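What follows is a set of notes on a single structure, which appears directly below.
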DNA sequence: CAGCGCCAGCTAACACAATTAGCTTTGAGT
DNA sequence: ACTCAAAGCTAATTGTGTTAGCTGGCGCTG
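Protein chains in written order, with my numbering: chain A, 471 to 647; chain B, 471 to 647.
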């Protein structure tokens, strides 16, 4: 049922995700949803956790057997592809605070983080800089993907090309450390 | 009145910005707001336009008289500072599509863009790469600032330090072109 | 100065989303 | 066959956005 909510969010956008619409899509009356979910907030946290887990899996799978520039490019592309394919569920992840360390939300985020950390292993990043580099990669990927999925890049140049350029930029910067 | 809406959004968060609360803060009944604004959507677009204009001014002012690394650092810091100081109104800017080329939203975005373009003038970026570099800078700044304002950086390392590191990274990458 | 019309407020009312309470059905396990 | 819990339903409440239609004040014009 959280899965149905995630699919609906992808279809109609996160703000369009409504209890009534979800119930309708499930062929059920609205109050029945509360037998499965505590409320809208709970649903959103569930969707966010699902998105994080799926995205983490996709990125983790993409870098399997790769290292260095290959791994970075694969991870970035997989991340962007996921956000573009599932804009609604990804949007649910921003602004969610895990309730505790074993919250599915926290473990999903942690796995994603570990994946990017392993990408950095392919570069000579000093230990003290790893956290900063991680945040940089996250800001880049998150910023690009969310701007693109919100139609934030309106002017001319080709967006795919920009993304490849961006991967290249990050790779050169990391190799130069 | 749009200004009051923006201030309220900063106080209570964008989702907390409600017609009723805004009316209350203005000492007026809710329906009276519709004499000044067409509705919630219109209000949000107004807030977004205001935020874009203010942010553009702040960044433009920050780089005055600077060039190269100085300009880049000043622009990035001003941008981040604005988003942190005004999280609500900045959040209103994402996902807004300008209705036309003379929409205040579009001109605000354009001015911001030009400012960053002038920052790039301080580097030897080939003409063909300027758009890509612009998108990279926007993704970096937007991604970092939004993640930070949504409390997306939970783990240890110091966030200010990460941001300075990120400026440095971008500077080195741009100088190496 | 009287009258006119507009601006900005108000009340009443409606639509729709989230949520809760309490009843009913159904199906699995004893 | 009996029990009970899961999952559905209807009815009702609250909160938010929005529209319709009325009203009081204030500047203008005759």
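We put the beta carbon where it would ideally sit given N, CA and C, even for glycine. It should be emphasised that the depicted structure is a prediction, and the values quoted were computed from it without experimental measurement.
Under 8 Å Cβ-Cβ, which residues of chain A neighbour residue i?
{"i": "residue 626 of chain B", "result": "601"}
{"i": "residue 642 of chain B", "result": "643, 646"}
{"i": "residue 631 of chain B", "result": "602"}
Cβ of residue i less than 7 Å from any chain A Cβ?
{"i": "residue 588 of chain B", "result": "no"}
{"i": "residue 487 of chain B", "result": "no"}
{"i": "residue 515 of chain B", "result": "no"}
{"i": "residue 639 of chain B", "result": "yes"}
List the residues of chain A that residue i touches, going by C-beta distances under 9 Å, in chain order.
{"i": "residue 608 of chain B", "result": "613, 614, 617, 622, 623"}
Going along chain B in order, which residues have a C-beta closer than 9 Å to the C-beta of residue i?
{"i": "residue 414 of chain A", "result": "Lying outside 471 to 647, the shown extent of chain A, residue 414 of chain A is not represented and no answer is given."}
{"i": "residue 597 of chain A", "result": "The premise fails here: residue 597 of chain A is roughly 12 Å from chain B at the closest Cβ pair, so nothing lies under 9 Å."}
Give me the Cβ distance between residue i and residue j, rounded to the nearest whole Å; I'm assuming they're in contact under 8 Å.
{"i": "residue 542 of chain A", "j": "residue 589 of chain A", "result": "5 Å"}
{"i": "residue 492 of chain A", "j": "residue 503 of chain A", "result": "7 Å"}
{"i": "residue 638 of chain A", "j": "residue 558 of chain A", "result": "Actually they are not in contact, since the Cβ atoms of residue 638 of chain A and residue 558 of chain A sit about 30 Å apart, beyond 8 Å."}
{"i": "residue 529 of chain B", "j": "residue 472 of chain B", "result": "Not confirmed; about 21 Å, so no contact."}
{"i": "residue 598 of chain B", "j": "residue 644 of chain B", "result": "In fact, because the Cβ distance is near 15 Å, the residues do not count as touching under 8 Å."}
{"i": "residue 474 of chain A", "j": "residue 520 of chain A", "result": "Not confirmed; about 11 Å, so no contact."}
Does residue i have its Cβ less than 7 Å from a Cβ in chain B?
{"i": "residue 531 of chain A", "result": "no"}
{"i": "residue 636 of chain A", "result": "yes"}
{"i": "residue 539 of chain A", "result": "no"}
{"i": "residue 463 of chain A", "result": "Given a span of 471 to 647 for chain A in the structure shown, any question on residue 463 of chain A remains unanswerable."}
{"i": "residue 502 of chain A", "result": "no"}
Which residues in chain B have a C-beta closer than 8 Å to the C-beta of residue i? List them in chain order.
{"i": "residue 645 of chain A", "result": "The contacting residues do not exist; residue 645 of chain A stays about 10 Å from chain B at best."}
{"i": "residue 508 of chain A", "result": "Per Cβ cutoff of 8 Å: no residues; residue 508 of chain A is ~18 Å from chain B at best."}
At 7 Å on the CB atoms, spell out the chain B contacts of residue i, in chain order.
{"i": "residue 567 of chain A", "result": "621"}
CB of residue i to nearest heavy atom of the ligand ATP: below 6 Å?
{"i": "residue 555 of chain A", "result": "Ligands in the displayed structure: none, and consequently the ligand ATP is not present."}
Taking contact to mean at least 3 C-beta pairs separated by less than 8 Å, is the segment 589 to 602 of chain A in contact with the segment 529 to 548 of chain B? no
Does the segment 618 to 636 of chain B come into contact with the segment 568 to 581 of chain B, if we say contact requires no fewer than three beta-carbon pairs (one atom in each stretch) closer than 8 Å? As far as the Cβ criterion goes, the segment 618 to 636 of chain B does not touch the segment 568 to 581 of chain B, which means the pair count is below three.
Does the count of Cβ pairs from the segment 606 to 613 of chain B and the segment 609 to 624 of chain A closer than 8 Å reach three? yes
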